[in-house]
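K.L.:
Protein chains: 2
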Amino acid sequence: MSPRHSLAEAARTRDRIVGYAVAEASRVGLEGLTIGTLADGLGMSKSGIVGPFGSREQLQIEALDRAGGIFRAAVIEPVAGLPAGPDRLARLIDAWIGYLADCPFPGGCFVTAASTEFDGRPGPLRDHLRTAVTTWRSRLSGEIAAARVESAHRSPDEAATVLIGISMAVNQEIQLLDEPDAAERGRAAMRAAVGLPQ
Amino acid sequence: MSPRHSLAEAARTRDRIVGYAVAEASRVGLEGLTIGTLADGLGMSKSGIVGPFGSREQLQIEALDRAGGIFRAAVIEPVAGLPAGPDRLARLIDAWIGYLADCPFPGGCFVTAASTEFDGRPGPLRDHLRTAVTTWRSRLSGEIAAARVESAHRSPDEAATVLIGISMAVNQEIQLLDEPDAAERGRAAMRAAVGLPQ
DNA sequence: CCTACCGATCGGTAGG
DNA sequence: CCTACCGATCGGTAGG
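So the protein lines, in turn, are chains W and L. Per the numbering used here, numbering through the first sequence is continuous, rising by one, with the last residue being 198. Per the numbering used here, numbering through the second sequence is continuous, rising by one, with the last residue being 1198.
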């Protein structure tokens, strides 16, 4: 008589699985996810993992979308209420570097890793990724344009390439090289790249 | 009576396998390599693939090392004979962008992809990768220092982070986004980042 | 959500 | 270098 209850429980189960899959995939890649490993890690059966999603690919897609939401919550939403301008760009950079240094994904920036993993694998995952990356690039470009700062770079698009690149390099320095001053150097590099005072 | 012959043939077989594995791994990742797929692709049996290397991991390591050599041949060696200075740095940037735009790996920059793939997987592959990335970073930093150019960035290490980052962003724009002007924007961004004239 | 099972493929070996 | 084979694991399904 209370289908609400079981629906809510089903939604919670999905959430748990996706959350665990995101953490796991940040370490071993989305293609490294296996239903058996997730089942073991969550103390469930394989059919309990795959059932709610229908296929591994659907679970991968939902994990990717969830990761995008986590990124937005960490980097975009904290500055969304501020007026556009150099100060908001500076705070966005701080949030971004903070996200890389104290990463919500145990294996480092999810989207960066997924990008190199899927750029050569056509399919719905690559399509989702393209959309996410393009949307973020546009937003960042707009943010830089709205800040109206002077820099060595000749267009907001060029500066966006530089900031996105620095974030990837910082991610590598943290995750692969264990470089302790990667975050500070990255923040300075980002500020310098868009002409913000140190 | 001619062991030379069979030794040379064995070496050629190894070479063929490693070369094919590099191309394949640039598309599906080093972890996506399977002995069966390589065997099919090369028209050989699985034992013919794994035999010369002893294990899949050893083949992965040799593929990674080979990829490093291909990068050096494309980006470092062309400028090795020139005197250090701004002109050599400019030519290095041109070679680097050319490598990204007309990539010897069908799936894009091998080391960038391997870095995000293995930064969360401890083991000999990650160790090899760390060494390769650290060596390249040091060389690039030295190159920037030797050029003695003025830029918005405060140290050769910071500028190296920016150039490496731009290369990663350009790789993404080419491989994932199919952005036609990625190479030109990347070249301009790299020159601006190290204070070279456009 | 579970157990039990499917055919396919995994890395690798034995023996030649 | 091959064929033939090993136990383990893959994604997924049937039936409950």
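Ideal Cβ placement from N, Cα and C applies to all residues, glycine included. These figures come from a predicted structure and were not determined experimentally.
Under 8 Å, Cβ to Cβ, is there at least one residue of chain W near L1089 (chain L)?
P.N.:
no
K.L.:
Give the interface partners of Q175 (chain W) over in chain L, defined as CB-CB distance under 9 Å, in chain order.
P.N.:
S1115, T1116, D1119 and G1120
K.L.:
Could you check what DSSP says for L1007 (chain L) in three-state terms: helix, strand or coil?
P.N.:
Helix at L1007 (chain L).
K.L.:
Alpha carbon to alpha carbon, how far is K46 (chain W) from L199 (chain W)? Give it in angstroms, no decimals.
P.N.:
No answer is possible for residue 199 (chain W): the residues shown for chain W start at 1 and end at 198.
K.L.:
Is there a Cβ from chain W that is less than 8 Å from the Cβ of D1094 (chain L)?
P.N.:
no
K.L.:
Just to make sure I have the definition right: I need the residues of chain L whose C-beta is within less than 7 Å of the C-beta of I164 (chain W). Which are they?
P.N.:
A1169
K.L.:
Chain W beta carbons: is any one of them nearer than 8 Å to that of Q1172 (chain L)?
P.N.:
yes
K.L.:
How far does the alpha helix (DSSP H) with V111 (chain W) in it extend, from its first residue to its last?
P.N.:
F110 to F118
K.L.:
From E9 (chain W) to F53 (chain W), what distance separates their C-alpha atoms?
P.N.:
Distance between the alpha carbons of E9 (chain W) and F53 (chain W) is about 15 Å.
K.L.:
Put H1153 (chain L) into one of helix, strand or coil per three-state DSSP.
P.N.:
coil
K.L.:
Measure the CB-CB distance between V111 (chain W) and A67 (chain W) and report whether it falls below 8 Å.
P.N.:
yes
K.L.:
Would S1026 (chain L) pass as an interface residue toward chain W - the criterion being a Cβ-Cβ separation below 8 Å?
P.N.:
yes
K.L.:
Give me the chain W residues within the contact set of R1130 (chain L), using Cβ-Cβ distance strictly less than 8 Å, ordered along the chain.
P.N.:
L176 and L177
K.L.:
Looking at the structure shown, is S1047 (chain L) part of a helix, part of a strand, or coil, going by DSSP?
P.N.:
It is helical.
K.L.:
Between P122 (chain W) and L129 (chain W), what straight-line distance do the alpha-carbon atoms span, to the nearest angstrom?
P.N.:
11 Å
K.L.:
Suppose you measure from the CA of S1006 (chain L) to the CA of N1171 (chain L); what does that come to, to the nearest Å?
P.N.:
Taking the straight line joining both Cα atoms gives about 41 Å.
K.L.:
Locate the alpha helix (DSSP H) running through T1134 (chain L), then write down its first and last residues.
P.N.:
Taken as a continuous stretch (DSSP letters only), the alpha helix (DSSP H) holding T1134 (chain L) covers P1124 to A1147.
K.L.:
Helix, strand or coil, according to DSSP, for D1102 (chain L) in the structure here?
P.N.:
The answer is coil: DSSP assigns D1102 (chain L) none of H, G, I, E or B.
K.L.:
To the nearest whole angstrom, what separates the beta carbons of A1193 (chain L) and S1151 (chain L), a pair I think is in contact under 8 Å?
P.N.:
6 Å
K.L.:
Please check if any C-beta of chain W sits within less than 8 Å of the C-beta of P1133 (chain L).
P.N.:
Before going on, a small fix: residue 1133 (chain L) reads as Val here, not Pro. Closer than 8 Å to some Cβ of chain W, the Cβ of V1133 (chain L) qualifies, so yes.
K.L.:
Short check: CB of G108 (chain W) to CB of D1127 (chain L), under 8 Å?
P.N.:
no
K.L.:
Using only alpha-carbon positions, find the residue among W:P197, W:P86, W:G85 and W:V28 that is nearest to Q60 (chain W).
P.N.:
The shortest C-alpha to C-alpha distance from Q60 (chain W) to any of W:P197, W:P86, W:G85 and W:V28 is the one to W:V28.
K.L.:
Using the rule of at least 16 other Cβ atoms within 10 Å of the residue's Cβ for burial, across every protein chain shown, is A80 (chain W) buried or exposed?
P.N.:
exposed
K.L.:
Cα separation between R1016 (chain L) and L1100 (chain L)?
P.N.:
Straight-line measurement puts the Cα of L1100 (chain L) at about 24 Å from the Cα of R1016 (chain L).
K.L.:
Of all the options W:W96, W:P124, W:A84 and W:P197, which has the alpha carbon lying nearest to the alpha carbon of I144 (chain W)?
P.N.:
W:A84
K.L.:
Using alpha carbons as the reference points, say which of W:I174, W:R187, W:L33 and W:A169 lies closest to I97 (chain W).
P.N.:
W:R187
K.L.:
Name the chain W residues whose beta carbon is nearer than 9 Å to that of A1183 (chain L)?
P.N.:
In chain order: nothing, as chain W lies at least about 11 Å away.
K.L.:
D181 (chain W): buried (16+ other C-beta within 10 angstroms of its C-beta) or exposed?
P.N.:
It is exposed - the Cβ of D181 (chain W) has fewer than 16 other Cβ atoms within 10 Å.
K.L.:
Looking at the ligand ATP, does it come within less than 7 Å of P83 (chain W), judged from the CB to the closest heavy atom?
P.N.:
With respect to the ligand ATP, the structure shown offers nothing to examine, as it has no ligands at all.
K.L.:
If the cut is a Cβ gap below 7 Å, which residues of chain L does A188 (chain W) touch?
P.N.:
R1154 and E1158
K.L.:
Taking the CB atoms as reference points, tell me whether A1114 (chain L) and L1064 (chain L) lie closer together than 8 Å.
P.N.:
yes
K.L.:
Taking a contact to mean a Cβ-Cβ separation below 8 Å, would you say P104 (chain W) touches A74 (chain W) in this structure?
P.N.:
yes
K.L.:
Compute the Euclidean distance between the alpha carbons of T13 (chain W) and A21 (chain W), then round it to the nearest angstrom.
P.N.:
12 Å
K.L.:
Show which residues of chain W have a CB atom less than 7 Å away from the CB atom of G1142 (chain L).
P.N.:
Below the 7 Å Cβ cutoff, chain W contributes no neighbours of G1142 (chain L), its closest Cβ being approximately 17 Å away.
K.L.:
Have a look at E1169 (chain L) and G165 (chain W) and give me their C-alpha separation to the nearest angstrom.
P.N.:
A quick correction: the sequence has Ala, not Glu, at residue 1169 (chain L). Distance between the alpha carbons of A1169 (chain L) and G165 (chain W): 5 Å.
K.L.:
If we call anything under 8 Å between Cβ atoms a contact, is L196 (chain W) one with V149 (chain W)?
P.N.:
yes
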